[in-house]
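Residue numbers (the numbering used here), protein chains in the order written: chain A, 1 to 285; chain B, 1001 to 1388. Okay, structure first, notes after.
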Amino acid sequence: MYASLGEVIAQRAGITNLGVEGCMLAGACAAYIVAAETGSPYLGIIAAFAAGGLFAMLHAFLVVTRGANQLASGLALMFLGLGMTAFFGRPYVKVQITPLRDYAIPGLSDLPYLGSVLFHHDVLTYAVFPLAGLLWWFVFRSRWGVMLRAVGESTESAFAVGLHPARIQYAAVTFGGALAGLGGAQISLAYAATWVENLTQGRGFIAVALVIFAMWNPLRAMVGALLFGGAVALQLQLQARGVGVSPLLLDMTPYLLTIVVLLVWAQRGRDAFPAGLTKVFRGTG
Amino acid sequence: MGILPLHAGRWLLCLATVLAIGLLAVACGSDDESETTDGAATSPAAGSASGAASAKTTVIGFLYVGAVDDGGYNQAAYQGQLAVEKLPNVKAIKAENVPESAEAERVMEQMIQQGATIIFPTSFGHLDPAIKVGEKYPNVTFLHQGGLKTAKNVGTYFGASWEANYLAGIAAGKATKSNKLGYVVAFPISQTLLNINAFELGAKSVNAAATTTVVFTANWCDPAKISESVKNLKAQGVDVLNQHQDCPGAGIQAAEKAGMFSVGYHVDGSKLAPNGWLTAATWDWAKLFVDLVNQVRGGTYKVSQVRLSMADGAVKLAPFGKAVPKDVRDQIAATQAKLLSGQLQIFAGPIKDQSGAERIAAGAKQPEVTSLEQMNYLVEGVIGKIPN
């Protein structure tokens, strides 16, 4: 969820970051290492935010400053993240951490069936919902959002009206990566509470797919993330209830749905598509 | 612009990264990358030369699909390598994170370049690459873990972990209060199905009402999915978890957090669950690896499918946790004795599958291991469907 929100922001500035997976891994690994060393998962969250941001900044540097191909840079970042976290995380494979605590919301969490599913989570999970609203307001209602979208549509025009496209893109990509880092931390600190190589298992790519599905809207990205996360959770839950479903089939639903969205909403999709995603601005801003 | 000073930092990061990757490559044991070009011509000669005189140092290569400290499958096999290394005149080379693809062939050829005459490809999917490389190097012996077929110089070995899971099932059947057990597994391979079935049969032998719910994650190691599955099972009232995953650690911790009992796999994971730990089916490859290496060096090894059991000590039950009371421990010990003496056969008929159909006829003896390893059904009492 965090990762797709972050990618929405980055792509709104006209930069695709295929390296979300790498940022998530960096965040997950950094969070785990810090949590293991300090004993505090909350410091781990901060580390994840920083690590994810730093990683994405590398992407911003290559793409914005050096004018590198976005797709190549993003993929390189993904593999770099995989290798680096495998290397640095190695000594921590056997180390245990104090995971993030689940907090039940009094009253609501006792509701039958959905109660424990909806109202019994860690702080990161609760925080993502207001964050999505905030980001929606930021993108569509704030002055900063206008600047962000202007840069994403046309760096030239934005530059012409006195904005600094490169700075805004740096900020957007870095912030996006930092959010992806939080997404990684959520896995390593809350869900899995362990570190292994390639912990995120391709979830970063789902995030990228979700952004297209959500048509670059933070709120829709949330709905999509819940839907897709829900599909995976549902198939595991159906199995736990003794209903036979193929886990392989359900694991590909995010991608299938994205293709369907691309087919059906092609025209509307084009309208929402930040035009700047297709090119790289070489101004001096 | 304001962010310029950061550029230097980023370059440093790049540099550090390149260094890190370099180190990683070395750590993975592929240190003679530059000499790999024309292997086929030179190394059969090298292989037979060192094979002829067994008093000389024997080089042995080990391939692992994951990391050797994964707290699971690979760690167990690595313990075997360590035992082999203690032999005189032996040099071991290991390669971790070797994918089950043509990459494995390349790694094995490199090991042969370094003089390896015995190779242990330890992952299920390393078998076909080993057979391929074996055709090229007839003087090298390959000993594959878990393989269901052999070649002229490729033998296999494995162990009946399902025997230990039957005993773990007894502990689980006694511990459960809801009579609902859970099993989180990766893929429906026959060895997994054997484990699940034996676990359920073991539980049922002491608790007729016990059922086992299976969840397939379709991944050998995805801790987030494992934890999610554990939560779901818990929500369904399941209070004992067993797993067939390469990295069972996450699941054991999730079960402990949820207040469930837990059965591990591959290695002893009791430290992860001080309250809920029951036991685990674990491997002890040390003796077998040493025996096999000695046979190959002495020229007495014959290609075969070695299948060990609890009786050989290759499959063991991990130490019990405090959640297993004395009387249950005694009962398990008694059952284990019957199992070792052959008095008890886990898959003796009648064995019925989930639909109630009789798969092993009443009165029939337990089939041979090779035919058991073809198992493609779940027994009565297991809830969940085999995905296709």
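Just so it is clear, CB atoms sit at the ideal spot from N, CA and C, and this is done for glycine as well.
Judged by DSSP in its simplified three-state form, K1365 (chain B) adopts coil rather than helix or strand. Of all alpha-carbon atoms in A:I187, A:T258, A:G184 and A:L100, the one lying nearest the alpha-carbon of P41 (chain A) is that of A:L100. A direct Cα-to-Cα measurement between L1241 (chain B) and V1154 (chain B) gives close to 36 Å. As the crow flies, the alpha-carbon of V1369 (chain B) is around 46 Å from that of L75 (chain A). Only exposed fits Q1374 (chain B), as fewer than 16 other CB atoms lie within 10 angstroms of its CB. At a cut-off of 9 Å between beta carbons, Q70 (chain A) makes no contact with chain B.
The beta carbon of W1162 (chain B) sits closer than 6 Å to the beta carbons of L1194, N1195 and A1198 from its chain, once the five residues preceding and following it are set aside; these are given in chain order. Excluding five sequence positions before and after A86 (chain A), the CB atoms of its chain that fall closer than 6 Å to its own CB belong to E197, given in chain order.
Under the 9 Å criterion on CB atoms, K1094 (chain B) is classed as non-interfacial with respect to chain A. Scanning its chain for C-beta atoms nearer than 6 Å, with the 5 sequence neighbours on each side dropped, one finds around A214 (chain A) the residues R220, A221 and G224, in chain order. The continuous alpha helix (DSSP H) containing N1197 (chain B) extends over residues S1190 to V1206. Contact annotation for L1233 (chain B) against chain A: A240 [CB-CB distance below 8 Å, chain order]. For I45 (chain A), there are no neighbours in chain B by C-beta distance under 8 Å, as the nearest C-beta there is about 17 Å away. With a cutoff of 9 Å on beta-carbon distance, A10 (chain A) and G81 (chain A) are scored as not near each other. It is roughly 29 Å from the alpha-carbon of Y170 (chain A) to the alpha-carbon of F228 (chain A). Burial check for N69 (chain A): the Cβ neighbour count within 10 Å stays below 16, so the residue is exposed.
Rounded to whole angstroms, L1148 (chain B) and V260 (chain A) show a C-alpha spacing of 42 Å. Contact between the stretch 1102-1109 of chain B and the stretch 1068-1078 of chain B is absent, with fewer than three C-beta pairs closer than 8 Å.
Under the 9 Å criterion on CB atoms, I187 (chain A) is classed as interfacial with respect to chain B. Here A207 (chain A) is actually not in contact with T258 (chain A); their C-beta atoms are around 11 Å apart, not less than 8 Å. The alpha-carbon separation between F1261 (chain B) and E7 (chain A) amounts to approximately 40 Å. Distances from the CA of A1286 (chain B) to each of B:S1178, B:R1329 and B:G1159 were compared; the closest alpha carbon is that of B:G1159. In this structure the stretch 1175-1182 of chain B lies against the stretch 1203-1220 of chain B, because at least three pairs of beta carbons, one per stretch, are closer than 8 Å. For the options B:N1275, B:G1259, B:P1248 and B:A1273, the alpha carbon positioned closest to that of V1267 (chain B) is the one of B:P1248.
In this structure I1093 (chain B) is not in contact with V1293 (chain B), their Cβ atoms being roughly 14 Å apart against a cut-off of 8 Å. The C-beta of P41 (chain A) comes no closer than 9 Å to any C-beta of chain B. Only those residues of the stretch 80-104 of chain A whose C-beta falls short of 8 Å from the nearest C-beta of chain B are listed: L80, G83, M84, A86, F87, F88, R90, V93, K94, Q96 and P99. Segment contact: the stretch 84-98 of chain A against the stretch 29-38 of chain A, three or more CB-CB distances shorter than 8 Å; contact assigned. A direct Cα-to-Cα measurement between E1085 (chain B) and A60 (chain A) gives close to 48 Å. Residue environment: A1362 (chain B) is assigned as exposed (fewer than 16 neighbouring CB atoms within 10 Å of its CB, all protein chains considered). If you compare the alpha carbons of B:T1150, B:D1070, B:A1280 and B:D1222 with that of G1321 (chain B), the shortest gap goes to B:A1280. Taken in chain order, the whole alpha helix (DSSP H) runs of length 4 or more contained in the stretch 1225-1292 of chain B are 1249-1257. Of the residues assessed, L1167 (chain B) falls on the buried side of the cut-off, its CB having 16 or more other CB atoms within 10 angstroms.
Look at the stretch 190-204 of chain A: the residues with a C-beta under 7 Å from a C-beta of chain B are Y191, A192, A193, T194, V196, E197, L199 and Q201. The C-alpha of V1306 (chain B) lies about 24 Å from the C-alpha of S1101 (chain B).
Taking a Cβ-Cβ threshold of 7 Å, the residues of chain B close to A233 (chain A) are E1228, in chain order.
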